[in-house]
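Below is one structure; the comments refer to it alone.
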Amino acid sequence: MGKIKISYFQLFCLMFLFEMGSSVLFSIAGVAKQDAWLVILIAMVPGSVLIGLYLKVHQMFPGHSLTGYVQKIFGTSIGRIIGFLYVIYFIYIASRLLRDFGELLVISAYPETTLMVIGITMLLCLIYTLFKGFEAFSRLTELCFYVIMPTIFIVVLLQAAGGLIVWKNLTPILEHGWKPVLNEVFPTTLTVPFGELIVFTMVFPLLDNVKKTIKTSLFSVVFSGLLLALITALTIAVIGPSVRFRSAFPVLTAVSYINIGGFIQRLDALVIISIIIVGFIKIFVFFYCAVKGSMEVFQVKEPRTLIFPISFIILMGSIFIAPNYIEHLKEGLKYVPYYLHIPFQIVFPAFFLLIALLKQFFAKKRQ
Numbered sequence: 002m003g004k005i006k007i008s009y010f011q012l013f014c015l016m017f018l019f020e021m022g023s024s025v026l027f028s029i030a031g032v033a034k035q036d037a038w039l040v041i042l043i044a045m046v047p048g049s050v051l052i053g054l055y056l057k058v059h060q061m062f063p064g065h066s067l068t069g070y071v072q073k074i075f076g077t078s079i080g081r082i083i084g085f086l087y088v089i090y091f092i093y094i095a096s097r098l099l100r101d102f103g104e105l106l107v108i109s110a111y112p113e114t115t116l117m118v119i120g121i122t123m124l125l126c127l128i129y130t131l132f133k134g135f136e137a138f139s140r141l142t143e144l145c146f147y148v149i150m151p152t153i154f155i156v157v158l159l160q161a162a163g164g165l166i167v168w169k170n171l172t173p174i175l176e177h178g179w180k181p182v183l184n185e186v187f188p189t190t191l192t193v194p195f196g197e198l199i200v201f202t203m204v205f206p207l208l209d210n211v212k213k214t215i216k217t218s219l220f221s222v223v224f225s226g227l228l229l230a231l232i233t234a235l236t237i238a239v240i241g242p243s244v245r246f247r248s249a250f251p252v253l254t255a256v257s258y259i260n261i262g263g264f265i266q267r268l269d270a271l272v273i274i275s276i277i278i279v280g281f282i283k284i285f286v287f288f289y290c291a292v293k294g295s296m297e298v299f300q301v302k303e304p305r306t307l308i309f310p311i312s313f314i315i316l317m318g319s320i321f322i323a324p325n326y327i328e329h330l331k332e333g334l335k336y337v338p339y340y341l342h343i344p345f346q347i348v349f350p351a352f353f354l355l356i357a358l359l360k361q362f363f364a365k366k367r368q
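2 is the number of the first residue of the sequence shown in this note's numbering; add one for each residue after it.
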């Protein structure tokens, strides 16, 4: 894909918008009810440790992506198998995300349009962006950052002006103790959105200074974690924990309550556009990294030979991943965290670091 470089501010914008992604769409930690915001704050701590783990391995192999350094750690043959598994993982998550945002558009805006049509439309935009290159995409994320932040501020301001924020909805704190809160922290909230940053192990080589990369990454995790906790708390304060738990898209429900003087209302469209923007960014990152990983695993120099086959797999995966939206959510909450996220986000990276450290230790001992 040529020599690509991005700035540290672009990395921050990219990681921040990526973490917002589908996290603002669904009822994160809904089981914890009015303590959902607390779940996010707690999950942010091990989430920072996870990104630290990814960055430590990157620090040991600067200039190499995940699919590259696993070949250095385990040898070419085993390394390519591991790299291929991660490519499949990235494609699968991209398919799930495409289904997420396709369902959002069908339910909220285009009930007569099929998921296939929406999926094809989004993928054509993704393919076009990929052809333009990752640097152009990174510049786009800067622009999106300056659109999303004012949108969040305006929505919060209007909710406050309309007297919709009822802080009493956030009480009692820890009504049922710590157990439901901690159960929601791991694995669900830790793995999504924080653990999904494993995909950035494919992006880190695009930056030169490892120390600046570490600082920028940790700051983006903390910033996005705090903002997600705030958005969650405000959503609960507006619609209440029970409505949030039952709602398919809680943020949209909260925004639909805005009515200032019978004039400023129906801001759902504005929020849907913002959510689609961050969703597009998140899907693109997984799409790009799947293509990049495939190039390194299969030693392909021309990305165009991989873009269309991978995009087709993502599209078909998004359609056939579940028979309906309820099953899609059930699969994502009940099975994916345990059978995919924990191994690919936590177990394997920790094992990579352990083996890399052992190899480094014995190499020094031989000297």
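Heads up, the beta-carbon is just placed ideally off N, CA and C, and yes, glycines get one too.
_For A238, would you say it is in contact with chain E, using Cβ-to-Cβ distances shorter than 8 Å as the test?_
Of the protein chains in this structure there is only one, and it is not chain E.
*Determine, using beta carbons only, whether T1 and A351 come nearer to each other than 8 Å.*
This structure gives no information on residue 1, because the portion of the chain shown stretches from 2 to 368.
*Per-residue DSSP class, three states only, for Q300*: coil
_Residues that DSSP places opposite Q35 in a beta bridge_ = In DSSP, Q35 forms no bridge with anything.
*Contact the region 217-226 vs the region 3-21: 3+ CB pairs below 8 Å*: yes
*Going by the beta-carbon positions, is the gap between I259 and L159 smaller than 8 Å?*
yes
*With a CB to CB cut of under 8 Å and the five nearest residues on each side skipped, what residues in its chain are close to S248?*
When the five nearest sequence neighbours on each side are left out, the beta carbons in the same chain lying within less than 8 Å of the beta carbon of S248 are those of S28, I240 and T254, in order along the chain.
*Apart from the five residues just before and just after L355, which ones in its own chain have a Cβ nearer than 7 Å to its Cβ?*
none
*asked:* If the criterion is Cβ atoms closer than 8 Å, does the pair V40 and V186 meet it?
replied: Closer than 8 Å, so yes.
*Please state whether DSSP places I265 in a helix, a strand or coil.*
strand
*Cut-off 7 Å between Cβ atoms - residues of its own chain near T236, not counting five sequence neighbours on either side*: R245, P251, V252 and A255
*If you pair each beta-carbon of the region 132-148 with each one of the region 318-335, do three or more pairs fall below 8 Å?*
no
*Do you know how far the Cα of G31 is from the Cα of I327?*
15 Å
*Give, in chain order, every unbroken run of the beta strand (DSSP E) that is at least 3 residues long and sits entirely within the region 84-131.*
none
*Taking F102 as the reference, which of K293, H329 and K366 has the closest Cα?*
A check of alpha carbon separations from F102 across K293, H329 and K366 identifies H329 as the nearest.
*Hey, out of T114, A95, Y87 and L268, whose CA is closest to L127's CA?*
Measuring from the Cα of L127, the nearest candidate turns out to be A95.
*If we count the other Cβ atoms within 10 Å of its Cβ and call it buried at 16 or more, is I74 buried or exposed?*
buried
*On the three-pair Cβ rule with 8 Å, is the region 305-317 touching the region 169-181?*
The region 305-317, when compared against the region 169-181, does not touch it at the 8 Å Cβ threshold.
*First and last residue of the uninterrupted alpha helix (DSSP H) at T254*: Annotation for T254: the continuous alpha helix (DSSP H) segment containing it runs P251 to S257.
*At which residue ranges does the region 121-181 contain complete alpha helix (DSSP H) runs of 4 or more residues, listed in the order of the chain?*
135-162
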